[in-house]
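Here's the structure we're looking at; comments come further down.
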Amino acid sequence: MLLTPSGASAPAVPSPPVRAVRAWRRWRRSRPFWGGLLTVLAGLEICAIPLAPLKVMLHQGVAGIPSVLMGLIMIVMGLAGWFAPHHRSLAGIVTTLLACAALVLSNLGGFLIGTVLGIVGGGLMFAWRPLPTAAPAPPPPQGDPS
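First residue of the sequence shown: 153, per the numbering used here; consecutive thereafter.
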């Protein structure tokens with residue numbers, strides 16, 4: 153406990169790591185963090201299969217292009233959920249639709265892992281709502297002038 157010259161205790165200033173953890177927690181709770189994370193992971197999973205070594209890619213041909221494009225768009229949607237939370241509904245819907253399309257167009261959607269992560273991440277982004285702000289207190293009633 154810190155004492156001031158007058159003898160009263162001063163509030164303790166948190167250390168830099170504690171402030172960093174609190175700032176991280178505040179940032180994470182102000183946006184659809186887990187939905188965005190799952191969406192980015194789904195996009196990476198769907199992109200990883202076609203970006204295999206060159207020998208495998210030569211056999212795959214043009215079929216790898218939709219996989220890479222869908223994966224990149226899903227990564228962008230996950231980042232949009234993080235850095236532009238007001239677009240969370242659109243990002244969640246687009247992510248879910250792309251995850252379902254990846255099931256057909258992209259090696260079973262990254263061997264089903266990318267599709268499942270994308271559907272869950274898109275649903276979490278769509279369902280997330282910001283914490284409501286406290287309503288201001290109503291003004292006190294005015295006295296009757298008569």
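No residue lacks a Cβ here, since even glycine has one placed at the ideal position from N, Cα and C.
Same chain only: Cβ atoms within 8 Å of residue i, ignoring 5 sequence neighbours per side
i, result
"Ser258", "Ile198, Ile201, Pro202, Pro218, Ser219, Met222, Gly223 and Gly266"
"Ile227", "Thr191, Val192, Gly195, Leu196 and Cys199"
For residue j and residue i, believed in contact at Cβ under 8 Å, the rounded distance
i, j, result
"Gly195", "Trp280", "The pair is not a contact, with the Cβ atoms about 18 Å apart (cut-off 8 Å)."
"Arg240", "Gly233", "5 Å"
"Gly270", "Thr285", "No, Gly270 and Thr285 are not in contact; Cβ-Cβ is about 31 Å, not under 8 Å."
Close beta carbons around residue i, own chain, < 7 Å, minus the five adjacent residues each side
i, result
"Met304", "The displayed coordinates of the chain run from 153 to 298. Any statement about residue 304 would go beyond what the structure contains."
Environment of residue i [buried if 16+ CB atoms lie within 10 Å]
i, result
"Leu283", "exposed"
"Leu250", "buried"
"Ala254", "buried"
Which ranges does the alpha helix (DSSP H) cover as unbroken runs of at least 4 residues, wholly within the region 180-241, from first to last along the chain?
-> 185-200, 206-212 and 216-235
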